[in-house]
Amino acid sequence: MMFAPHLLELHNISKTFGTLTALRDLSFHIGPSEVVGLLGDNGAGKSTTVNLISGIHKPTSGHLSVDGRETLFTCRSDSADAGIETIYQNTALVDSLSITRNIFMGRERTNAFGFLKQAEMRDIAMEVLEKAVHISGIDSPDKLVGDLSGGQKQAVAIARAVFFKRRVLLLDEPTSALSVRETEALLAQVLKLKAEGVSSVLVTHNLYHAYQVCDRFVIMSHGTKVFDVNKADTSISQLTEYVVLT
Amino acid sequence: MTDVAVPKSRTKKQSLLKHIMTMPAGAILLVFAALQIACIAGALAFPDDFRYLSPQNLTILMKAIPVLGCLALGAGILMIAGEFDLSIGSVYTLTAVLMASLVDGGLSAFIAAPLGILLGVMIGLLNGTITLRFGLPSFIVTLGGLLFWRGAVLLYNGAIQVRFDPEPAFSSLFAGTLFGINAAFIWIILFVVSFYLLLHRHKFGNHVFATGGNPAAATAIGINTYRVKLIAFAIAGGMAAVAGIIATARVGSVQPGQGAGLELQAIAACVIGGLSLRGGRGSIIGIFLGVMLIHTITDVLLLLRAPGFYLDMFIATLIVIAAAFNHLIERRGAV
Chain A
1124 MMFAPHLLEL HNISKTFGTL TALRDLSFHI GPSEVVGLLG DNGAGKSTTV
1174 NLISGIHKPT SGHLSVDGRE TLFTCRSDSA DAGIETIYQN TALVDSLSIT
1224 RNIFMGRERT NAFGFLKQAE MRDIAMEVLE KAVHISGIDS PDKLVGDLSG
1274 GQKQAVAIAR AVFFKRRVLL LDEPTSALSV RETEALLAQV LKLKAEGVSS
1324 VLVTHNLYHA YQVCDRFVIM SHGTKVFDVN KADTSISQLT EYVVLT
Chain B
2 MTDVAVPKSR TKKQSLLKHI MTMPAGAILL VFAALQIACI AGALAFPDDF
52 RYLSPQNLTI LMKAIPVLGC LALGAGILMI AGEFDLSIGS VYTLTAVLMA
102 SLVDGGLSAF IAAPLGILLG VMIGLLNGTI TLRFGLPSFI VTLGGLLFWR
152 GAVLLYNGAI QVRFDPEPAF SSLFAGTLFG INAAFIWIIL FVVSFYLLLH
202 RHKFGNHVFA TGGNPAAATA IGINTYRVKL IAFAIAGGMA AVAGIIATAR
252 VGSVQPGQGA GLELQAIAAC VIGGLSLRGG RGSIIGIFLG VMLIHTITDV
302 LLLLRAPGFY LDMFIATLIV IAAAFNHLIE RRGAV
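Here the protein sequences come in this chain order: A and B.
Quick note: the first sequence uses this note's numbering, first residue 1124, plus one each step.
Quick note: the second sequence uses this note's numbering, first residue 2, plus one each step.
Below, the structure is given as structure tokens:
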């Protein structure tokens, strides 16, 4: 484990937008089968970090490495190719399309002429929903995403990530729009995926949700990392202190 | 949140009716079917006064539907992608004038017609490029297009009618009959089937719905929404030209003002057919039913010898009712 390369690592990343320094010399890593809580108050630079890892922003200086190899994400598909899937607060789904079509959006199964293999996609969607993601109330992959609740939508987004064999899920404020029950289901899902070898990054300012599932916490403040600690070595009150006081 | 399905049942009692209503274009299908039944019943009851089923009337219907149909299919795919094209009526006239005058100058119609379609596609691409490159509302850009190309028709050819006298093979291809069915009507059926396959069965269609339904999500997932919209603009322009060819082949001449208002009728057909003005929702069958409904109502009013303004008032009412209905369904999250 000590010598195994990290799944994803950020090296001395800085990011400026004009005169604003959003990130300053930020370094942290994500290991295999690890759930990391990326914490910090509003404006700490969490969203910029998410956008950077998902390839939307390019760092002003510093670099990323995947499996120990130095790399640079210049667009979203670079990040996806590295096995990273970002699940946004307002999940990237189209309400007017079915679950199946959302899962395969942009990555449709087609024949040589580009026509959709609808039955095949539907069967896969059904299987993924049944086996990989358990969220109550989704009984058919033909359901429109617009008819689903916030938690169910996130489940579909996660199902999409699982099916496309992502290794790191980046969950940006995943619980902010969820009911209590849905939150529990989502956190259980994160742990289940971890057991299957999928790492997650929970980006949140809800320390209690993070504390429930994370193995390690990275606390950010004013665009840089101020604390990086394993769960065993800390307590929720210490985490709170760091988030509030730094 | 989890029991969103419950409020659905409040407005509808029969489950089959409910099922049809929640289908894409289900409501318009019901309206269309009801109207057809009423018309056929009326025609059977009063065969002499209400000649709905007479061969002449059916031929008129079959000839009228394809022109608006082509315009609406193009406008519809663009609307689902989240943009408008108000210039299609002017493009329809311009491309028809170009084709007719080229044929008048001695060019084969089989070359002039594709040139007309090419011009339509180019104008569509121009509309799209201006709209997308500068981030402008397509409504404004294509309103400019409407006026500009309307003026261009007069600049190019003056306010005079152009005769269209193609070789007989061309005429029979677009205005002849096959097994008693009007050729133009066969064309529109072919177009409806092709557009259905493109929009509902092809990868591109999925990207059109995604682009119109949630542009941010479509971009995030890696769909090139710029390209999708640009292609949709090109299709709208190209189909406007096709409509021009079909209309010109039928009439044998082009009037410089003939396309005025057609863009609004095409958008009306789309709205009646269940397309959302905000994009992302709709179906090809809905668009086609919208077109057929407009023409059936037009036809019925003509048969009843109602004055023309009734027609406008009728269509206007229909558009508003359809839009309100669609909005209701959208808010509920069905369809």
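For every residue, glycine included, the Cβ atom is placed at its ideal position computed from N, Cα and C.
It should be emphasised that the depicted structure is a prediction, and the values quoted were computed from it without experimental measurement.
Taking the alpha-carbon positions, what's the residue i to residue j distance?
{"i": "valine 98/B", "j": "glutamine 266/B", "result": "21 Å"}
{"i": "glycine 121/B", "j": "asparagine 128/B", "result": "11 Å"}
{"i": "lysine 1266/A", "j": "alanine 1215/A", "result": "17 Å"}
{"i": "leucine 1/B", "j": "glycine 43/B", "result": "Coverage of chain B is limited to positions 2 through 336, which leaves residue 1/B absent and any answer about it impossible."}
{"i": "serine 172/B", "j": "valine 104/B", "result": "12 Å"}
{"i": "alanine 1235/A", "j": "histidine 328/B", "result": "38 Å"}
{"i": "glutamate 1364/A", "j": "valine 1352/A", "result": "13 Å"}
{"i": "phenylalanine 140/B", "j": "glycine 206/B", "result": "22 Å"}
{"i": "serine 1262/A", "j": "glutamate 1305/A", "result": "Rather than serine, the amino acid found at residue 1262/A in this sequence is aspartate. Straight-line Cα distance between these residues: approximately 16 Å."}
{"i": "alanine 237/B", "j": "glutamine 1241/A", "result": "27 Å"}
{"i": "threonine 1183/A", "j": "leucine 1310/A", "result": "34 Å"}
{"i": "phenylalanine 1287/A", "j": "valine 194/B", "result": "33 Å"}
{"i": "leucine 290/B", "j": "histidine 1134/A", "result": "59 Å"}
{"i": "glycine 213/B", "j": "alanine 1248/A", "result": "23 Å"}
{"i": "lysine 1/B", "j": "isoleucine 273/B", "result": "In the structure displayed, chain B extends from 2 to 336; residue 1/B sits before or after that span and is not available."}
{"i": "isoleucine 124/B", "j": "leucine 116/B", "result": "12 Å"}
{"i": "glycine 1229/A", "j": "histidine 208/B", "result": "7 Å"}
{"i": "aspartate 1148/A", "j": "isoleucine 288/B", "result": "56 Å"}
{"i": "leucine 198/B", "j": "alanine 244/B", "result": "20 Å"}
{"i": "leucine 319/B", "j": "phenylalanine 180/B", "result": "34 Å"}
{"i": "valine 1324/A", "j": "leucine 1292/A", "result": "6 Å"}
{"i": "phenylalanine 310/B", "j": "isoleucine 81/B", "result": "30 Å"}
{"i": "isoleucine 298/B", "j": "tyrosine 227/B", "result": "38 Å"}
{"i": "isoleucine 1222/A", "j": "valine 1268/A", "result": "6 Å"}
{"i": "leucine 231/B", "j": "leucine 119/B", "result": "15 Å"}
{"i": "isoleucine 286/B", "j": "alanine 269/B", "result": "15 Å"}
If you follow the alpha helix (DSSP H) that residue i is part of, which residue opens it and which one closes it?
{"i": "histidine 201/B", "result": "184-201"}
{"i": "phenylalanine 210/B", "result": "204-214"}
{"i": "valine 1366/A", "result": "1359-1368"}
{"i": "serine 173/B", "result": "169-176"}
{"i": "aspartate 1356/A", "result": "Segment: none, aspartate 1356/A is in no alpha helix (DSSP H) and carries neither H nor E."}
{"i": "leucine 74/B", "result": "56-81"}
{"i": "leucine 231/B", "result": "226-252"}
{"i": "histidine 1186/A", "result": "First-last for histidine 1186/A: 1184-1189, but that is the beta strand (DSSP E), not the alpha helix (DSSP H)."}
Could you check where the beta strand (DSSP E) with residue i kicks off and where it finishes?
{"i": "aspartate 1204/A", "result": "Segment 1199-1204 is the alpha helix (DSSP H) holding aspartate 1204/A; no beta strand (DSSP E) there."}
{"i": "histidine 296/B", "result": "Counting along the chain, histidine 296/B falls outside any beta strand (DSSP E), though it belongs to the alpha helix (DSSP H) covering 285-304."}
{"i": "lysine 1138/A", "result": "1131-1140"}
{"i": "alanine 1215/A", "result": "Counting along the chain, alanine 1215/A falls outside any beta strand (DSSP E), and DSSP gives it neither H nor E."}
{"i": "asparagine 1353/A", "result": "1347-1353"}
{"i": "threonine 143/B", "result": "Looking at the DSSP string, threonine 143/B is not in any beta strand (DSSP E); the run it does join, the alpha helix (DSSP H), is 139-158."}
{"i": "alanine 1145/A", "result": "1143-1153"}
{"i": "threonine 1171/A", "result": "Looking at the DSSP string, threonine 1171/A is not in any beta strand (DSSP E); the run it does join, the alpha helix (DSSP H), is 1169-1176."}
{"i": "isoleucine 38/B", "result": "It is not in any beta strand (DSSP E) - isoleucine 38/B instead sits in the alpha helix (DSSP H) that spans 27-46."}
{"i": "phenylalanine 1340/A", "result": "1339-1344"}
{"i": "arginine 1290/A", "result": "From DSSP, arginine 1290/A is part of no beta strand (DSSP E); its letter is neither H nor E."}
{"i": "leucine 1161/A", "result": "1158-1162"}
{"i": "arginine 1192/A", "result": "1192-1194"}
{"i": "leucine 1325/A", "result": "1322-1327"}
{"i": "isoleucine 1207/A", "result": "1207-1210"}
Enumerate in chain order the residues of its own chain whose CB-to-CB distance from residue i is below 8 Å, with the five nearest sequence positions on each side excluded.
{"i": "glycine 1163/A", "result": "Lys1169, His1328, Ile1342, Met1343, Ser1344, Val1366"}
{"i": "threonine 1194/A", "result": "His1186, Leu1187, Ser1188, Asp1201, Ala1205"}
Going along the chain, which residues of its own chain have a beta-carbon closer than 6 Å to the beta-carbon of residue i, five neighbours each way excluded?
{"i": "leucine 1301/A", "result": "Gly1273, Gly1274"}
{"i": "aspartate 1356/A", "result": "none"}
{"i": "lysine 1317/A", "result": "Ser1156, Val1158"}
{"i": "arginine 1232/A", "result": "Lys1240, Glu1243, Met1244"}
Report all residues from its chain with a CB closer than 7 Å to the CB of residue i; omit the five preceding and five following residues, and keep chain order.
{"i": "threonine 1171/A", "result": "Lys1138, Ala1145, Leu1146, His1180"}
{"i": "phenylalanine 111/B", "result": "Phe171"}
{"i": "leucine 144/B", "result": "Leu87"}
{"i": "valine 229/B", "result": "Ala82, His208, Val209, Thr212"}
Hey, is residue i's beta-carbon within less than 9 Å of any beta-carbon in chain E?
{"i": "threonine 1194/A", "result": "Of the protein chains in this structure, namely A and B, none is chain E."}
Residues in the region 1203-1230 of chain A with C-beta within 9 Å of chain B's C-beta atoms, listed in sequence order? Ala1203, Thr1209, Tyr1211, Asn1213, Thr1214, Ala1215, Leu1216, Val1217, Asp1218, Ser1219, Leu1220, Arg1224, Asn1225, Phe1227, Met1228, Gly1229, Arg1230
Does the region 48-66 of chain B come close enough to the region 212-220 of chain B that 3 or more CB-CB pairs lie under 8 Å? no
Check whether the region 66-74 of chain B and the region 128-139 of chain B are in contact - that is, three or more C-beta pairs closer than 8 Å. no
Inter-stretch contact at 8 Å, needing at least 3 Cβ pairs: the region 293-312 of chain B / the region 23-39 of chain B: yes
For the region 1165-1190 of chain A, which residues have a beta carbon sitting closer than 9 Å to at least one beta carbon of chain B? Ser1177, Ile1179
Within 8 Å, do at least three Cβ pairs link the region 256-276 of chain B to the region 89-98 of chain B? yes
For the region 1236-1247 of chain A, which residues have a beta carbon sitting closer than 9 Å to at least one beta carbon of chain B? Phe1236, Gly1237, Phe1238, Leu1239, Gln1241
So, does the region 170-190 of chain B touch the region 271-283 of chain B, judging by three or more C-beta pairs under 8 Å? no
Residues in the region 223-237 of chain B having any Cβ partner in chain A nearer than 9 Å: Gly223, Ile224
Listed in chain order, which residues of the region 1283-1295 of chain A have Cβ atoms closer than 7 Å to some Cβ of chain B? none
Please list, in chain order, the residues of the region 185-205 of chain B that have any C-beta partner in chain A closer than 8 Å. Leu198, Arg202, His203, Lys204, Phe205
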